[in-house]
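S.K.:
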């Protein structure tokens, strides 16, 4: 494996899920796998869970990691070719990625979308330029379009909780938010759920349709209550509109998920990638009750990252 | 030891002081004590000395440490139960503490008081919630109410400089400042000095009385000159009023400590936790002269933290 | 070697260049040289390349490194003796340097000039005070006056590309910029180039003369085209005026370096310390073409720092 930026195929995904579960059982299984190698963690946006879980994963493999926060004005990167750099951008991504690629054996990069320039965002042009100019394996820590490490951790969590002998019904349920939120987690969750051959329903208010490349094959349902029927897993997540891009639309119905909405579905487990806005996206009753898998998902971020780094080091 | 948030009892304190002095003599006495374990250092407020000294202490024990600065707006924590999170707080302390507790074996937390909400501050509700929701041992790196690692380092420094065969007279002397400063260092110094059975005098302008739970048993003296007589150790520190809470009161007298005020007391050693406002709290003549123990205190922060981490790892 | 803040003499420089090239060939030649020792990296200004390359250099030697960013308002240092500290500066450099010197075996410090107070800047008073009060070896990570680690890396890069059997002609060529930029890189490049006995030409618009202590012995040339003739190495760099200090002067001619300006000089290699403003300081055609040594310079920062740390540890 020389890149980890999206779902590739079901056999790779299953191998990563199995490897993650092996690392969960024995995190120090390969303590010297990364010895003498270095991982650069490049953040163009803030991070807490992603940074720490990836650093712990690296440490479990004996891989030295370095964090670079480039989300401050002082290191604003110019992304466009041929620009006359006489504004506030101090360094071109070409030069920065080249240097970082010469300092590190693996780069892991977080680059959120602008939510204002749809063409640039959907081309994942920041991530792609890091890949192009760094010359080393790149792991996405959430790009404009996808958050594959989160989805891998989610798939590990589903695998741990899957009802035996059944293809699970997975529901991705839109939730309210006060800010315009990227599509990456929702896109990747859809991509991985269907890629892993789960039965996926996506429920959201009309107008919140995701990019079709990620939702083809899923059941789109505007009625949340109907979508929740018989669900084995409900993944709660906000995203902004894809069209008009990055906008928050007026929504009259109540999309907050609470126990009341699941009272007829005793078995459903509830997931969220965190951080979660309590009582806006998800009710306290669910988050503090036995349905919640959110802490398990967060813990599994370590082992998802470890499986990926192990694969790249192999 | 499963928690380090305050003075417990004299035998525990004496054991920690002795252990710290052992580590000072041989920092690498237990180089593998923390092997395979991880310490998360969570800062809700800035830190320099505390962060570095604790990281060095951890490293001396082979304990891997990770710093998380959560004092930026991007990770503002919601602290109150049942809140509808539709404002600027992005994550609830319940969820964050749960995740951090699942990533780390020990958490060390800095959480300053607001100095505006007395009830919340004096209940130490941030520290308590981290303890409640993280499920792992917690070390205070200064909470709203106490700064026990500083006080332990102070007690180590007093032990090193104590006049033999005598119960020392310790004076906590209020100093001027331009900002409203928390009570934590003063509270803890009083708690530990009396807990270690030293003769404590607290001197400050009228109106600057500390919370009585920390000062019972101490001699309160409004006349600084009188308080300084026969002092063995003078601990200089500013704090804001406890009542009215967090306010700066008008003070007419001169409370800056200089050599002139100590000219009749040749033996007194002078202490301060740093950072110190020179010539506002303490004169250059004292800080740059032989009375000053401030550098020794700062150095002892390493060994205080090392004794505490060693105790938790045992 | 007990300090690394400037060019000392040609034999020391040559030994460092050779050592850096040895480390480039075998970075893990001395993996335990720094064992049990600690390096504190103190940044009063932002850094990316310098921080990471120095941390990697330290790691290659088994030297543990800690980063302290003191460029935030919260830790603004008071630099002047005898000040009444009742303003926004929270700690005196005396106290901070003393503590840092007691925590670390080596300190490395970045302290940019103000560009407003010429006397303070040109006395390098921040760097000098860290040296005076810390009591441990100090490495400059760029001070107000010099950037010696950059220059050492530059000299390593020149050595790697030097035409055999010839004293190379080195040209330091001023470039446009939108901000007032320090003189440190230019000063040091002049100091090291002439110190290493290279033939140095400095070309810049009239008015941009550098401090004479660094330019004595160099050929000063106001005509860029003439300066570029027969150059073996062209080092492109902006700096603000030295007199009037820190100002940007109106310049009518075109000082951007492009292939067109070098069309008669096929052999010239082009250097820049990065970050570079593309198409303002240096054209894309040069940066993306075969003349450019900028990535090699950046990579050599690791081995320059490693040679210096190795020397201090010896």
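Chains as they are written, first to last, in my numbering: chain L, 1 to 314; chain D, 1001 to 1314; chain Z, 2001 to 2314.
Where a beta carbon is used, it is the ideal one built from N, C-alpha and C, also for glycine.
The structure presented is a predicted model; accordingly, all values stated were derived computationally and were not measured.
Identify every run of the beta strand (DSSP E) within the segment 126-169 of chain L, keeping only runs that are complete inside it and at least 3 residues long; order them along the chain.
M.R.: List check, beta strand (DSSP E) in window: 138-140.
S.K.: List the residues of chain D that residue 277 (chain L) touches, going by C-beta distances under 8 angstroms, in chain order.
M.R.: Chain D residues near residue 277 (chain L): 1085, 1086, 1090.
S.K.: Going by alpha carbons, who is nearest to residue 1145 (chain D) out of D:1043, D:1121, D:1226?
M.R.: Per the Cα distances, D:1121.
S.K.: Give every residue of the same chain whose Cβ lies closer than 6 angstroms to the Cβ of residue 170 (chain L), excluding the five residues on either side of it in the sequence, and list them in chain order.
M.R.: Hits under 6 angstroms: 193, 198, 200, 233.
S.K.: Is the number of C-beta pairs between the segment 1123-1143 of chain D and the segment 1038-1045 of chain D that are closer than 8 angstroms three or more?
M.R.: Touching, yes.
S.K.: Tell me which residues of the segment 1153-1173 of chain D have at least one Cβ-Cβ distance to chain Z shorter than 8 angstroms, keeping chain order.
M.R.: Hits within the stretch: zero.
S.K.: Tell me whether the beta-carbon of residue 1224 (chain D) lies closer than 8 angstroms to the beta-carbon of residue 1188 (chain D).
M.R.: In this structure, residue 1188 (chain D) does not lie closer than 8 angstroms to residue 1224 (chain D) by Cβ.
S.K.: Kindly identify the DSSP beta-bridge partner or partners of residue 1217 (chain D).
M.R.: BP columns for residue 1217 (chain D) are empty, so no partner.
S.K.: Beta strand (DSSP E) containing residue 2001 (chain Z): first to last residue?
M.R.: From DSSP, residue 2001 (chain Z) is part of no beta strand (DSSP E); its letter is neither H nor E.
S.K.: At a Cβ threshold of 8 angstroms, is residue 1298 (chain D) touching chain Z?
M.R.: Yes, its Cβ sits closer than 8 angstroms to a Cβ of chain Z.
S.K.: According to DSSP, residue 1083 (chain D) sits in a beta bridge with which residue or residues?
M.R.: Bridge partners of residue 1083 (chain D): none, in fact.
S.K.: Using a Cβ cut-off of 8 angstroms (strictly closer), state whether residue 2254 (chain Z) contacts chain L.
M.R.: Chain L, which has no Cβ nearer than 8 angstroms to the Cβ of residue 2254 (chain Z), makes this no.
S.K.: CB residue 310 (chain L) to CB residue 39 (chain L), shorter than 8 angstroms?
M.R.: Going by C-beta atoms, residue 310 (chain L) is not nearer than 8 angstroms to residue 39 (chain L).
S.K.: Quick one: grab the DSSP three-state call for residue 2223 (chain Z).
M.R.: The answer is coil: DSSP assigns residue 2223 (chain Z) none of H, G, I, E or B.
S.K.: In the DSSP assignment, what are the bridge partners of residue 2282 (chain Z)?
M.R.: Answer is Z:2257, Z:2278.
S.K.: Three or more beta-carbon pairs under 8 angstroms between the segment 178-186 of chain L and the segment 1016-1023 of chain D, yes or no?
M.R.: Verdict: no, contact absent.
S.K.: Got a sec: is the Cβ-Cβ distance from residue 1313 (chain D) to anything in chain Z below 8 angstroms?
M.R.: Cβ-Cβ to chain Z under 8 angstroms: no for residue 1313 (chain D).
S.K.: Count the C-beta pairs between the segment 2251-2271 of chain Z and the segment 2289-2300 of chain Z that are closer than 8 angstroms, then say yes if the count reaches three, no if not.
M.R.: Contact holds: three or more Cβ-Cβ distances are below 8 angstroms.
S.K.: Write down every uninterrupted run of the alpha helix (DSSP H) in the segment 1062-1121 of chain D whose length is 4 residues or greater and which is fully enclosed by it, in chain order.
M.R.: Fully enclosed alpha helix (DSSP H) runs of 4 or longer: 1093-1103.
S.K.: Is it buried or exposed, residue 19 (chain L), if we count other Cβ atoms within 10 angstroms and call 16 or more buried?
M.R.: That one is buried.
S.K.: Note down, in chain order, every chain D residue with its Cβ under 7 angstroms from the Cβ of residue 2102 (chain Z).
M.R.: In chain order: 1295, 1298, 1299.
S.K.: With 9 angstroms as the limit, tell me which residues of the segment 1048-1068 of chain D have their beta carbon closer than that to any beta carbon of chain Z; keep them in chain order.
M.R.: Within the segment 1048-1068 of chain D, the qualifying residues are 1048, 1049, 1051, 1052, 1053, 1055, 1056, 1059.
S.K.: Looking only at its own chain, which residues have a Cβ that is under 6 angstroms from the Cβ of residue 97 (chain L), when we skip the five neighbours before and after it?
M.R.: Correct list, in chain order: 130, 133, 134.
S.K.: Ignore the nearest five residues each way along the sequence and tell me which others in residue 239 (chain L)'s own chain have a CB closer than 6 angstroms to its CB.
M.R.: Cβ within range, chain order: 181, 183, 186.
S.K.: Taking 8 angstroms as the cut-off, does the segment 297-311 of chain L touch the segment 1099-1106 of chain D (at least 3 CB pairs, one atom from each stretch)?
M.R.: The segment 1099-1106 of chain D is in contact with the segment 297-311 of chain L.
S.K.: What residues from the segment 14-39 of chain L come within 8 angstroms of chain D, judged by C-beta to C-beta, listed N to C?
M.R.: Listed in sequence order: 28.
S.K.: Given a cut-off of 8 angstroms on the beta-carbon distance, is the pair residue 2210 (chain Z) and residue 2231 (chain Z) in contact?
M.R.: No, the pair does not count as a contact, with Cβ atoms beyond the cut-off.
S.K.: Chain D beta carbons: is any one of them nearer than 8 angstroms to that of residue 2310 (chain Z)?
M.R.: No, residue 2310 (chain Z) lies away from the interface with chain D (no Cβ there is under 8 angstroms from its Cβ).
S.K.: Alpha carbon to alpha carbon, what distance is there between residue 1167 (chain D) and residue 2153 (chain Z)?
M.R.: C-alpha separation (whole angstroms): 59 angstroms.
S.K.: Starting from residue 1042 (chain D), trace the alpha helix (DSSP H) both ways and give me its first and last residue.
M.R.: It is not in any alpha helix (DSSP H) - residue 1042 (chain D) instead sits in the beta strand (DSSP E) that spans 1038-1043.
S.K.: Quick check on the burial criterion: 16 or more other C-beta atoms within 10 angstroms. Buried or exposed for residue 1204 (chain D)?
M.R.: Answer is buried; the Cβ neighbour count reaches 16.
S.K.: At a CB-CB cut-off below 8 angstroms, which residues of chain Z make contact with residue 99 (chain L)?
M.R.: Under the 8 angstroms cutoff, chain Z gives 2049, 2274, 2295, 2298, 2299.
S.K.: Can you name the start and end residues of the alpha helix (DSSP H) that residue 233 (chain L) belongs to?
M.R.: Taken as a continuous stretch (DSSP letters only), residue 233 (chain L) belongs to no alpha helix (DSSP H), being part of the beta strand (DSSP E) at 233-237.
S.K.: Whose C-beta lies closer than 8 angstroms to the C-beta of residue 2108 (chain Z) among residues of the same chain, with five residues either side of it excluded?
M.R.: Around residue 2108 (chain Z): 2039, 2040, 2041, 2042, 2054, 2138, 2139, 2140, 2141.
S.K.: Buried or exposed for residue 206 (chain L), please, with buried defined as at least 16 other CB atoms from any protein chain shown within 10 angstroms of its CB.
M.R.: So residue 206 (chain L) counts as exposed.
S.K.: Taking C-beta to C-beta, are residue 2163 (chain Z) and residue 2005 (chain Z) nearer than 8 angstroms?
M.R.: No, Cβ-Cβ distance for residue 2163 (chain Z) and residue 2005 (chain Z) is not below 8 angstroms.
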